[in-house]
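Numbering-wise (full-length UniProt numbering), the sequence shown opens with residue 1 and increments by one.
Step one of this worksheet: look at the structure below.
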Amino acid sequence: LLSRPVAFAQIWKSWLSSHSLVGNKNIILMGPPGAGKTTVGRIVGQKLDCPVIDIDDDVLETTWNMSVSEKLQDVGNEQFLEEEGKALLKFSASGSVISLTGSNPMHSAGMQHMKKNGIVVYLDVPTTVILSRLESMKVDRIVGQSPGISLKDILQFRKQFYKRWCDIRVLCGDIAAEVVAEKVLDAVKRYQNSELETFISTRSSRSGRSMEKDSCKYFSDVVTEGLAPDGGLFVPERGLPKFTAGEWQSLIEATYVERAQVILERCIHPADIPASKLAEIIGTAYGENFSCSKIAPVRHLAGNQFLLELFHGPTASFKDFALQMVPHIFAYCIPRSCNYLVLVATSGDTGSAVLDGFSRLRDTDKQRIAVMNFFPEDGVSPIQKSQMIGCQKENAWSVGVKSDFDFCQTAIKQIFTNSDYTGFLTVEYGTALAAANSVNWARLLPQIVYHASAYLDLVHQGIIPFGSPVDVCIPTGNFGNILVALYAKMMGIPIRKCICANNENNVLTDFIRTGVYDLRGRKLIPTFSPAVDILQSSNLERYLHLIANDNGQLVVQLYSQLENQGYFQLQKDLLEKLQQDLVAGWCSEEDCLAAIHSVYSTTGYILDTHTAVAKVVADRLQDRTCPIIISSTAHYSKVAPAILRALRITEIKQNPLSQLHLLSSYSPLPPVHWGLLETLKKKGNEDHQVCAADMSMLMSHIEALIQNHFM
1 LLSRPVAFAQ
11 IWKSWLSSHS
21 LVGNKNIILM
31 GPPGAGKTTV
41 GRIVGQKLDC
51 PVIDIDDDVL
61 ETTWNMSVSE
71 KLQDVGNEQF
81 LEEEGKALLK
91 FSASGSVISL
101 TGSNPMHSAG
111 MQHMKKNGIV
121 VYLDVPTTVI
131 LSRLESMKVD
141 RIVGQSPGIS
151 LKDILQFRKQ
161 FYKRWCDIRV
171 LCGDIAAEVV
181 AEKVLDAVKR
191 YQNSELETFI
201 STRSSRSGRS
211 MEKDSCKYFS
221 DVVTEGLAPD
231 GGLFVPERGL
241 PKFTAGEWQS
251 LIEATYVERA
261 QVILERCIHP
271 ADIPASKLAE
281 IIGTAYGENF
291 SCSKIAPVRH
301 LAGNQFLLEL
311 FHGPTASFKD
321 FALQMVPHIF
331 AYCIPRSCNY
341 LVLVATSGDT
351 GSAVLDGFSR
361 LRDTDKQRIA
371 VMNFFPEDGV
381 SPIQKSQMIG
391 CQKENAWSVG
401 VKSDFDFCQT
411 AIKQIFTNSD
421 YTGFLTVEYG
431 TALAAANSVN
441 WARLLPQIVY
451 HASAYLDLVH
461 QGIIPFGSPV
471 DVCIPTGNFG
481 NILVALYAKM
491 MGIPIRKCIC
501 ANNENNVLTD
511 FIRTGVYDLR
521 GRKLIPTFSP
531 AVDILQSSNL
541 ERYLHLIAND
551 NGQLVVQLYS
561 QLENQGYFQL
571 QKDLLEKLQQ
581 DLVAGWCSEE
591 DCLAAIHSVY
601 STTGYILDTH
611 TAVAKVVADR
621 LQDRTCPIII
631 SSTAHYSKVA
641 PAILRALRIT
651 EIKQNPLSQL
661 HLLSSYSPLP
671 PVHWGLLETL
681 KKKGNEDHQV
691 CAADMSMLMS
701 HIEALIQNHF
711 M
């Protein structure tokens, strides 16, 4: 059985094989008054040599025998919308370019009728531009306006209807209609050609890539499969979409949710997830689950340093940005014919975020999707451990492993590439395995948004003009967060340097400085910043594939050497490429605690230990010629013992909940994280399974969970 996205993609491919760009379908232009729908429609119609229909002039005024403004004045707002909708219901056309009125999308039945034979293109123009155009056109009243309600309020209100009905969004800005028309045609071509947006493994060679249709991997495939069959990681074959400066500037006044919608629509083909469904998923992910209305606010720290606060989600770390969204993406993309067990390895924060995210699925989805989280039993902070155990639900479990994170991560990779075992699970239990670590491409995409949004916020606040560069400094372990900052740069955000900040597990710092990735003789050092206590960084593989110009054979060679000899070395030209993007430094435990104390003493702000690592490295490596955005990846409550020690509060209790209460009792301190406190208050959060560092034992735990949940 085909999943819905795959079926949808095949329908479009079948349609394309026998039709032109338009065929019998209509291109339907939608947007606010003043968006240029009529003018753009005429240009598109001329280019396609097809009929052009303007609903205002050719349908409504012909039907009513009066102008639209006269009709509005005659019947009032509510009756006008109803009359307008009735006219749409009686209208039919094919192979045409149709320009809707600004208020057509507010009539549900009329739009459902139009969508049956059309591709709806939303001309998304910034509200400030629309208001300026309406003023120059001397338009002072539109449908829905009444005393006390401004044009701006109405335009904002209507956006929900445009999002509901659009198949394609075209960012317009204040640009010529000819340019908008070209963008419409490009967007329609993309919509109709999902086969162009395929994915490859970081370990596949150009010569080995089959062009057979059955071998192509689409977004919905890589979400479901997680890891490529050859052990590599999936990446888009043609790279990420590029935004023009004008397109980015059109998002300066947008909310975080609006920015996420626009960016992710360009990264996920509508054949995989339609725009309206994506909007629903984003709204669910970033709705009531985040305690700050700005979702990812940017706060000035001192001098040219700014903090990107990524801890306002339910589990208090940056992982919430992806993992409040990915479960809903996953549930939409997977086939209905199979149950799925999602496996995840965590060094601290991922586990609780995965468990929380998947536990928020609808009951019907929880019956067919379960999660098993493996974490190093003695390698996370007591609060992180209590949080992971407290986030367990009926479809989400945690297992402590008597080893470190690198073992957990490597074990999961080996399980995924063990075709005999995965095949056995499918045949015996009707259950497939999936990944929720950042090896899964869907985990990375939502994180691109907050790096782009942070830059746009600085522009919006007047700190910099658009186009001026910034540096970013990111506490780094598995290389995912810094990789998505590099992706944001590739998509057009003016990031100059990405600064990789390590703790004492500084293998990445050595690699970026020398080109030698060397694990020989290294042992993982437990630190105050456990989420970056990692030696083998999975997502580095994606970056190496990128700078090697998609040379999968080189990636295979490097990682084979790493596995067999414990190290690899980049050739000189690749190291030079890498050092154009990245600089790196590391921070000692002593300097980490000192930074927390110093920042609190001078500003009253408390950094968590991971952010403190980045702050120390930023202080050392920044050149102060541009702003630097430091990623604050977790709330300080998650590492309470280290904070108590850094602030020189001598009374440190062992119980995690007591530690939070102790922090709360010091009134000068900012409040502890709401979600973390609620999770730790739950009864029975000390119960969890513990497993030896043995592959067969991990497999036994997996089979037991499958039997208990799905059978």
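For glycine and all other residues, C-beta sits at the position ideal for the given N, C-alpha and C.
All figures in this text were calculated on a predicted structure; none of them were measured in a lab.
Candidates the options: which alpha carbon is nearest residue i's?
i	options	result
Asn549	Thr202, Val143, Ser352	Thr202
Arg266	Ser352, Ala228, Asp167, Gly521	Asp167
His635	Arg133, Glu541, Gln156, Leu307	Leu307
Asn73	Thr364, Ile27, Gly144	Sequence check: residue 73 is Gln here, not Asn. Answer by Cα proximity: Gly144.
Asn655	Val188, Ile383, Ile329, Leu519	Ile383
Pro33	Leu155, Cys216, Lys163	Leu155
Ala353	Ala501, Asn104, Phe318, Ala254	Phe318
Leu663	Lys638, Gln689, Leu131, Thr679	Lys638
Pro465	Glu288, Val599, Trp248	Trp248
Ala285	Gln305, Asn304, Val262, Leu323	Leu323
Glu108	Gly400, Leu575, Gln160, Pro641	The sequence shown places Ser at residue 108, rather than the Glu named in the question. The residue with the shortest Cα to Cα distance from Ser108 is Gln160.
Gln447	Asp378, Tyr256, His661	Tyr256
Gln461	Glu280, Ala176, Ile252, Glu589	Ile252
Phe321	Ser347, Cys333, Asp356, Ala331	Asp356
Thr38	Leu48, Lys47, Ile55	Ile55
Gly467	Arg648, Gly492, Lys682	Gly492
Asp404	Pro270, Thr527, Lys152	Thr527
Pro105	Ile628, Ala93, Glu84	Glu84
Asp363	Lys116, Lys393, Ala640	Lys393
Glu589	Ile463, Ala640, Asn502, Leu519	Asn502
Counting only the same chain and skipping the five closest in sequence on each side, list residues whose C-beta sits under 8 Å from that of residue i.
i	result
Ile415	Leu343, Tyr421, Thr422, Leu433, Met695, Leu698, Met699, Ile702
Glu309	Cys292, Ala296, Pro297, Val298, Arg299, Ser632
Gly95	Val22, Gly23, Asn24, Lys25, Asn26, Cys50, Pro51
Gln707	Tyr429
His597	Ala646, Leu647, Arg648
Met30	Lys37, Leu100, Asn104, Pro105, Val120, Val121, Tyr122, Leu123, Tyr162, Trp165, Cys166
Can you name, in chain order, every residue of its own chain whose Cβ lies under 7 Å from the Cβ of residue i, other than the five neighbours on each side?
i	result
Phe358	Pro327, Val342, Ile369, Val371, Asn395, Ala396
Gly226	Phe416, Ala434, Ala435, Val439, Asn440
Ala485	His451, Val472, Ile474, Ile495, Cys498
Arg513	Ala584
Taking a contact to mean a Cβ-Cβ separation below 7 Å, would you say residue i touches residue j in this structure?
i	j	result
Tyr450	Ala296	yes
Ala345	Ile273	no
Val617	Cys592	no
Thr633	Trp586	no
Phe80	Val59	no
Val532	Gly477	yes
Gln553	Ser276	no
Ala693	Phe375	no
Trp165	Val121	no
Phe157	Thr431	no
Ile98	Ile28	yes
Leu89	Gly110	yes
Ser347	Asn373	no
Gly390	Thr679	yes
Met490	Leu264	no
Phe568	Leu575	no
Val470	Cys626	yes
Leu677	Leu660	yes
Lys163	Ala279	yes
Gly480	Val690	no
Lys615	Ile630	yes
Cys216	Thr198	yes
Whole-angstrom Cβ separation of residue i and residue j, contact assumed at under 8 Å?
i	j	result
Gly232	Val555	7 Å
Ile525	Glu504	5 Å
Val40	Val188	Actually they do not touch by this definition, with Cβ atoms about 12 Å apart.
Gly675	Thr315	6 Å
Ile43	Ala181	4 Å
Ala302	Thr611	Going by Cβ atoms, the distance from Ala302 to Thr611 rounds to 14 Å, so no, they are not a contact pair.
Phe290	His673	No, Phe290 and His673 are not in contact; Cβ-Cβ is about 12 Å, not under 8 Å.
Asp221	Val170	Actually they do not touch by this definition, with Cβ atoms about 27 Å apart.
Short of 6 Å in beta carbon distance, which residues of its chain neighbour residue i, apart from the five on each side in sequence? Order them along the chain.
i	result
Ala7	Caution is warranted here: a pLDDT of 47 is assigned to Ala7, below 50, making its placement in the model unreliable, and no coordinate value can be reported.
residue 791	Residue 791 is absent from the model: the chain starts at 1 and stops at 711.
Arg624	Asn304
Ser442	Strictly speaking, residue 442 in this sequence is Ala, with Ser absent from that position. Cβ within range, chain order: Val223, Val326, Ile329.
Ser538	Val439, Asn478
Determine whether the Cβ of residue i lies closer than 7 Å to any Cβ atom of chain B.
i	result
Ser560	In summary, chain B is missing from the structure at hand, where a single protein chain is found.
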